[in-house]
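A short worksheet on the structure shown next.
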């Protein structure tokens, strides 16, 4: 399935959550917060945000959507706090 965001919305693939084994987090370092990810697609009015950007967004303003069996977030560009480098 192809999903093309409209207006100023962006489609984001979230960073993977750290693996847990019996309640213990197994990770090479500090796990990233679950409000970071990579832009998969951006609507025509999403100024300053493009496909491939790694972004940080506000936690409560994104909608979950499943694309080809993988969970993504859809949000307005104004909910993006920063483009990470």
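Numbering (my numbering), first residue to last: 3 to 87.
Just so it is clear, CB atoms sit at the ideal spot from N, CA and C, and this is done for glycine as well.
Going by beta carbons, residue 48 and residue 11 fall inside the 8 Å limit. The closest CA to that of residue 53, considering only 66, 85 and 68, is found on 85. Per DSSP, reduced to three states, the secondary structure at residue 48 is coil, with no helix or strand assignment. Residue 74 and residue 42 do touch by the CB rule: their CB atoms are close to 7 Å apart, below 8 Å.
The DSSP-derived three-state label of residue 43 is strand.
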